[in-house]
Amino acid sequence: TRELAEQIHTAIGELGRQTRLKSVTVYGGVSANPQIEKLKRGVEIVVACPGRLLDHINQGTINLSRVEVLVLDEADQMFDMGFFPDIRRILGHLPKKRQTLLFSATMPGEIRKLAHDVLSDPVTVQVGTTSPAVTVSHAIYPVAEHLKTPLLMALLHHTDTESVLIFTRTKHRAKRLGEQLTKAGHKAASLQGNLSQNRRQEAMNGFRDGTFQILVATDIAARGIDVSQISHVINYDIPNTPEAYIHRIGRTGRAARSGDAFTLVTSEDAVMVRTIERVLGSQLERRTLPEFNYSVSAPHKDTEFARPPRQPMQRRKTAGTHKGGTQERATARPGATTTHSSGRTRQQSGHAA
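The sequence shown begins at 15 in the numbering used here and counts up one residue at a time.
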């Protein structure tokens, strides 16, 4: 993510202050010209997101032929979120004789196999075990899907929170939930891939300095978050792997502080709950909120996160040469087939939305 690139770049600047090493960040969503100017002046370290790095390679504004060390940070996400083809293309521009390092908080078995494709006789260094930090208290809250948001609001109301990080599965859900929390009076923001770089930075900075008490984020967007004062992590949606569960709840309970992690689970999450318990070797604590009404029935259609309905086609009258003097014509979407008064059909040109 862009935030993680900037975070690493800042750390390099602090650690290398007494050296002559220069670093530059390379990522999309911003103008490439300042990046090109810095690359022309010469740097020793490039901290890059794959897409924009490939752009520079294709435009000839960067030369990787003398790279000595390649580092893939957040390697599991690199391989699992569709970056693997980009990584393969980048590898083709690097010298074969180099050191390659993969860093990750989680490394599931299938991702480990993929990693071995790009490594030669690798050595694994593992710090710590696959288990939550002892400073984190975590539990699950079983609830029906349509009651997730009301239960979340009730938990926030009845819990003494300082700084809360909420995880959702999709960008759309993160945005919608952030809006609902703000409407309910919480100081909340969302962090997801559809935001501009300025908006993302505003959300991050606001969460760090306390302007926002709650940050709603997707897994991949949250990879750039380095905040030690998070008091609570809430999984609005359960993660897809036990490793991701451990990584998420590890965002709280840092720097010798204690923290709490809650996960909202539905009946459809039962398999993943059992998988997490098997990896942890213990059963997750089940909790309920005494003041909450779990018996509210579901609406006919769960529209909580539904997209707004399409606007109906506008009909307009246009002057014509048919016998009636005018003809009524529908303004159709591109790609639609329209029927005229003569009975013949015509396929409209254009691309479907």
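Cβ coordinates follow ideal geometry from the N, Cα and C atoms, glycine included. Because the structure is a prediction, the values reported are computed rather than measured.
*If we call anything under 8 Å between Cβ atoms a contact, is Leu165 one with Leu303?*
Against the sequence shown, residue 165 aligns to sequence position 151. Against the sequence shown, residue 303 aligns to sequence position 289. Yes, these two residues count as a Cβ contact at 8 Å.
*Simplified DSSP assignment, three categories, for Thr182*: As a first step, residue 182 must be located in the sequence shown, where it is residue number 168. In this structure, Thr182 counts as strand in the three-state DSSP scheme.
*asked:* Just to confirm my understanding: we take Asp87, look at its own chain, exclude 5 residues before and 5 after, and list those with CB closer than 6 Å. What are they?
replied: In the sequence shown, counting from the first residue as 1, residue 87 sits at position 73. Annotation for Asp87: Phe117 place their beta carbon closer than 6 Å to its own, counting only its chain and skipping 5 residues before and after.
*asked:* Quick check: is the beta carbon of Ala258 nearer than 8 Å to any beta carbon in chain B?
replied: Structure shown: chain B not included; a single protein chain is present.
*Apart from the five residues on each side of it in sequence, which residues of its chain come closer than 7 Å, Cβ to Cβ, to Glu291?*
Sequence index remark: in the sequence shown, residue 291 carries index 277 (1-based). Excluding sequence neighbours, Glu291 sits near Gln297, Leu298.
*Give me whichever residues DSSP pairs with Ala153 in a beta bridge.*
Taking the sequence shown and counting its residues from 1, one reaches residue 153 at position 139. Phe276, Glu299.
_Meets three-Cβ-pair contact criterion under 8 Å: the stretch 305-313 and the stretch 165-178_ = With a cut-off of 8 Å, the stretch 165-178 and the stretch 305-313 count as touching, because enough Cβ pairs lie within range.
*Identify the continuous alpha helix (DSSP H) that holds Ile104 and give its terminal residues.*
Position 90 of the sequence shown holds residue 104. In the DSSP assignment, Ile104 falls within the alpha helix (DSSP H) that extends over 98-105.
_Cβ distance (whole Å) where Val40 is taken to contact Gln49 below 8 Å_ = As a position in the sequence shown, residue 40 is number 26, starting the count at 1. As a position in the sequence shown, residue 49 is number 35, starting the count at 1. Right, the Cβ-Cβ distance comes to about 5 Å (below 8 Å), so this counts as a contact.
*State yes or no: is the C-beta of Leu278 within less than 8 Å of the C-beta of Leu229?*
As a position in the sequence shown, residue 278 is number 264, starting the count at 1. As a position in the sequence shown, residue 229 is number 215, starting the count at 1. No.
*Straight-line Cα distance separating Lys54 from Pro253*: Counting from one through the sequence shown, the residue named residue 253 turns up at place 239. Counting from one through the sequence shown, the residue named residue 54 turns up at place 40. Note on geometry: alpha-carbon atoms of Pro253 and Lys54 lie some 42 Å from one another.
*With C-beta atoms as the reference, is Ile154 less than 8 Å away from Val285?*
On the sequence shown, residue 154 is found 140 positions in, with the first residue counted as 1. On the sequence shown, residue 285 is found 271 positions in, with the first residue counted as 1. Inclusion of Ile154 and Val285 in the CB contact set at 8 Å is not warranted, their separation being larger than that value.
_Along the chain, where does the alpha helix (DSSP H) containing Thr163 start, and where does it finish?_
Numbered from 1 along the sequence shown, position 149 holds the residue referred to as residue 163. Taken as a continuous stretch (DSSP letters only), the alpha helix (DSSP H) holding Thr163 covers 162-172.
*asked:* With DSSP as the reference, identify every bridge partner of Leu86, one or two as the case may be.
replied: As a position in the sequence shown, residue 86 is number 72, starting the count at 1. The partner list for Leu86 (beta bridge, DSSP) reads Leu116.
*Given a cut-off of 8 Å, decide if Lys201 and Phe226 are closer than it, judged by their beta-carbon atoms.*
Within the sequence shown, numbered from 1, the residue matching residue 226 stands at position 212. Within the sequence shown, numbered from 1, the residue matching residue 201 stands at position 187. Yes.
_For Gly123 and Ser204, what's the separation of their Cα atoms in angstroms?_
The residue labelled residue 123 in the question sits at position 109 within the sequence shown. The residue labelled residue 204 in the question sits at position 190 within the sequence shown. The alpha-carbon atoms of Gly123 and Ser204 are separated by roughly 31 Å.
*Please determine, among Val148, Ile263, Thr149, the residue with the shortest C-alpha to C-alpha distance to Ala119.*
As a working mapping, residue 119 is identified with position 105 in the sequence shown. When each option's Cα is compared against that of Ala119, the closest is Ile263.
*asked:* Excluding the 5 residues flanking Glu159 on each side, which residues of the same chain have their C-beta closer than 6 Å to its C-beta?
replied: The residue given as residue 159 occupies position 145 in the sequence shown. Excluding sequence neighbours, Glu159 sits near Thr280.
*Pro260 lies in the alpha helix (DSSP H); which residues open and close that run?*
Numbered from 1 along the sequence shown, position 246 holds the residue referred to as residue 260. First, the amino acid is wrong: residue 260 is Ile here, not Pro. Start and end: 256-263.
*What are the partner residues of Asn249, as DSSP defines its beta bridges?*
Here residue 249 corresponds to residue number 235 of the sequence shown, with the count starting at 1. In the DSSP output, where bridge partners are listed per residue, Asn249 has Phe181, Thr277.
*Supposed close pair Arg183, Asp251 - CB separation, criterion 8 Å*: For the purposes of this step, residue 183 is identified with residue 169 of the sequence shown, where counting begins at 1. For the purposes of this step, residue 251 is identified with residue 237 of the sequence shown, where counting begins at 1. Sure, about 4 Å apart at Cβ, within 8 Å.
*Using beta-carbon positions only, say whether Ile59 and Leu35 come within less than 8 Å of one another.*
Within the sequence shown, residue 59 is the residue found at index 45, counting from 1. Within the sequence shown, residue 35 is the residue found at index 21, counting from 1. Cβ atoms of Ile59 and Leu35: closer than 8 Å.
_Coil, strand or helix - Thr39 by DSSP_ = For this step, residue 39 is matched to residue 25 along the sequence shown. Thr39 falls in the strand class under three-state DSSP.
_Per-residue burial, Gly257 [other beta carbons within 10 Å of its own, 16 or more giving buried]_ = As a first step, residue 257 must be located in the sequence shown, where it is residue number 243. Before going on, a small fix: residue 257 reads as Glu here, not Gly. Here Glu257 is buried, its C-beta having at least 16 other C-beta atoms within 10 Å.
*Gln73 to Cys63 span [Cα, whole Å]*: Residue mapping note: residue 73 aligns to position 59 of the sequence shown, counting from 1. Residue mapping note: residue 63 aligns to position 49 of the sequence shown, counting from 1. Going from the Cα of Gln73 to the Cα of Cys63 covers about 16 Å.
*Using DSSP with H/G/I as helix, E/B as strand and the rest coil, what is Glu20?*
Within the sequence shown, numbered from 1, the residue matching residue 20 stands at position 6. Of the three classes helix, strand and coil, the one that applies to Glu20 here is helix, per DSSP.
*Across which residues does DSSP place Leu229 in a beta bridge pair?*
Here residue 229 is taken as the residue at index 215 of the sequence shown, counted from 1. DSSP output for Leu229 lists Leu179, Ala203 as bridge partner(s).
_At a cut-off of 7 Å, would you count Val81 as near the ligand NAP, judging by its Cβ distance to the nearest heavy atom?_
This structure simply doesn't include the ligand NAP, nor any ligand for that matter.
*Report the residue from Met167, Arg222, His152 whose alpha carbon sits nearest the alpha carbon of Arg300.*
Indexing the sequence shown from 1 puts residue 300 at position 286. Cα-wise, what sits closest to Arg300 is His152.
_Closest Cα partner of Thr138 within the set Leu68, His261, Arg126_ = Residue numbering aside, residue 138 sits at position 124 when the sequence shown is read from its first letter. Selection Leu68, His261, Arg126 evaluated against Thr138 yields Arg126 as nearest (Cα-Cα).
_Delimiting residues of the beta strand (DSSP E) encompassing Val241_ = Here residue 241 refers to the residue found at position 227 of the sequence shown. No beta strand (DSSP E) holds Val241; DSSP gives it neither H nor E.
*Can you have a look at Gly224 and say buried or exposed, based on whether 16 or more other CB atoms are within 10 angstroms of its CB?*
Taking the sequence shown and counting its residues from 1, the one referred to as residue 224 is at position 210. Gly224 is exposed by the Cβ-count criterion.
*asked:* Check this for me: beta carbons of Ile104 and Leu133, under 8 Å apart or not?
replied: Looking up residue 104 in the sequence shown gives position 90. Looking up residue 133 in the sequence shown gives position 119. Contact check for Ile104 against Leu133 fails: the beta carbons are separated by 8 Å or more.
*What number of angstroms, rounded off, separates the C-alpha of Ile71 from the C-alpha of Lys52?*
Numbered from 1 along the sequence shown, position 57 holds the residue referred to as residue 71. Numbered from 1 along the sequence shown, position 38 holds the residue referred to as residue 52. The alpha-carbon atoms of Ile71 and Lys52 are separated by roughly 15 Å.
*For the putative contact between Val83 and Gln113, defined by C-beta atoms under 8 Å, what is the C-beta separation to the nearest angstrom?*
Taking the sequence shown and counting its residues from 1, the one referred to as residue 83 is at position 69. Taking the sequence shown and counting its residues from 1, the one referred to as residue 113 is at position 99. With a Cβ gap of about 5 Å, Val83 and Gln113 count as contacting.
*What residues in its chain sit with their C-beta under 6 Å from that of Val241, if we drop five residues either side in the sequence?*
Counting from 1 along the sequence shown, the entry for residue 241 is found at position 227. Within the same chain, Cβ atoms closer than 6 Å to the Cβ of Val241 are found at Arg222, the five residues on either side in sequence being excluded.
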